[in-house]
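For the sequence shown, the working numbering begins at 834 and goes up steadily by one.
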Amino acid sequence: MASIHGDWFHSRSSSNYGELLTVRTLVRASEKPEYQNFRWSGGRDDNPLMRQFSRTGDIQPSTMQTKIRAMIRYGFIRDGNTCPLTWTRIGSLWNELHEIGNSVAAKKIYELTLSISLAIYAFNDSQQKYTINPAKGELPLRFLLNRLDNNSAISLQEFTNLVDGKTNRVGDNASYWKTDLINSGLFHESDEHLVYTGNYAELANELRNFTPDVSLEDEDWQRIRENPLIEISPFRNTIKNIFREMTQGQAIENSTTNEIYTDPLIGAISEQEETALPELDILSENPRFANNTRRIRNATWAIRIKKKYNYICAVPKCDVIGEIFVESAHIKPDSVADEGTPHRSHMLNGICLCRHCHVAFDRGYFSLADDHRVITSQRIDDIANQNLKTAIQSSSGDIIKNRSDNKMPLLEFIHYHRANKFMGQANVR
Ligand SMILES: [Zn+2]
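This is the structure we're talking about:
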């Protein structure tokens, strides 16, 4: 009879959100040249660089090592012993969401990552230890889900017996596991019970009846943990559905603040919905797929920008209208390296322009003032096309056309365009 007795991942580290934020600080520091190829996992005695590195996370070396290992285990950080620390694909999705301030989506991806991690760990009863290969033992989460009573609950007493019954570490294993279960959003504690929250019901159902593919190797399971959307991932369709639910009704878009509401998650979903690319491309580490994904994400971004402007050129006195005549223009160009707010698929880094106005904007014949009025360059006369020149010149001083959601481009992006693309100011009214 399989069980889930034995040592859970007892350590001073946990899956708490704060720990992930600490590791995020370390990831950033690890990218500095002085840490190239530095073995963060190495010996700690008399190692000044080790102390220096751990101090960037405001912690002791031993604590730092435990925290990083924990985040590797949970699937946020790629397995490895040297700097730089790198995010897994799903870890980088979390990081990107966190960076743009979409805390709602970031929290959900964090919970989902923990849930997936918990779902595919196995406990090997004969070796009394955990393995990343679910075919090699009992899956604790499946075991637990199948032990719940009619109220989808299990008493803390029974839970503790199940987990700690055969070990000397009574109390500790159960508490570590309990923390993970609660952090994942799958369970909450109530009245001396652990209660299944009903989150990810489809995933939970699938897990209850899950039989792992024995032909998959440990490395395959490591890859699945890093990117649960890859082709061999047993839960990829379910996870895709979870992504979709998360963005339904654009709840995430509306719940974020500071007008920073375009998020990588919506991009990922749109890619899935609007293209025929197989799932494995979406979160791929492979540069070939990554380029493809970028191209598609931009296409998706372009479609959404044009829709926001109802397919009308945003230049006030330009009267071009119609889906096939307008384009989406990046204000801060797509080709510019990442610095500041991620700009490539940001919904406030685009305006809908007709082909001619797009070219004139990219070449810097006109730009926008901070109040979103059109400003024109003194070189406007270089434009040979009289209609275009007239349209832009007569728009000078007018605010660009409104979007259907009344949002205006972000000043950060406008500043970039004015400083780097605009050919020089004249005619400001
Ligand atoms: Zn136009």
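Idealized CB from N, CA, C, for every residue including glycine.
Given the structure is predicted, the values throughout are model-derived calculations rather than measurements.
With a cutoff of 8 Å on beta-carbon distance, GLY1230 and SER1210 are scored as not near each other. Bounds of any alpha helix (DSSP H) do not take in SER959, whose DSSP letter is neither H nor E. Here the alpha carbon of ASP958 sits roughly 18 Å from the alpha carbon of LEU978. Following the DSSP letters along the chain, one finds VAL1159 inside the beta strand (DSSP E) bounded by residues 1159-1163. With a threshold of 7 Å, the Cβ atom of CYS916 does not count as near ligand 1, since no heavy atom of the ligand is closer than that. A distance criterion of 7 Å places the beta-carbon of LEU1201 beyond contact range of ligand 1, judged by its closest non-hydrogen atom. With at least 16 other beta carbons inside 10 angstroms of its own, ALA955 counts as buried. One Cα belongs to LEU989, the other to ALA952, and the distance between them is close to 20 Å. At a Cβ-Cβ threshold of 8 Å, HIS1163 and SER1200 do not count as neighbours. Per DSSP, the unbroken beta strand (DSSP E) holding VAL1207 starts and ends at 1207-1210.
The Cβ atoms of GLU1156 and LEU1186 lie no closer than 8 Å to each other. Look at GLY908 here: in three-state DSSP terms it is coil, with no helix or strand label. Within the model, the alpha-carbon separation for GLU1064 versus ASN870 is close to 31 Å. Taking C-beta separations shorter than 6 Å and ignoring five residues to either side along the sequence, the partners of ILE905 in its chain run ASP912, following chain order.
Using a Cβ-Cβ distance cut-off of 8 Å, the stretch 932-948 and the stretch 885-895 are not in contact, since fewer than three pairs of beta carbons, one from each stretch, lie closer than that value.
The straight-line gap separating the alpha-carbon atoms of ARG1041 and ALA1034 is approximately 10 Å.
Distance from the CA atom of LYS969 to the CA atom of ASN1060, rounded to whole angstroms, is 21 Å. Ranking MET1180, PRO1045 and LEU981 by CA distance to the CA of LEU1019 puts LEU981 first. Taking each of GLU932, THR921 and SER874 in turn and checking the Cα distance to THR1174, the smallest one comes out for GLU932.
ALA986 and VAL996 do not touch by the CB rule: their CB atoms are close to 16 Å apart, not below 8 Å. Here the residues close to ligand 1, judged by CB distance below 5 Å to any of its heavy atoms, are CYS1146, VAL1148, CYS1151, VAL1153, CYS1187 and CYS1190 in chain order.
With contact defined as three or more Cβ pairs closer than 8 Å, the stretch 1011-1028 and the stretch 1043-1060 are not in contact.
The three-state reading of DSSP puts GLY1155 in coil, since its state is none of H, G, I, E or B.
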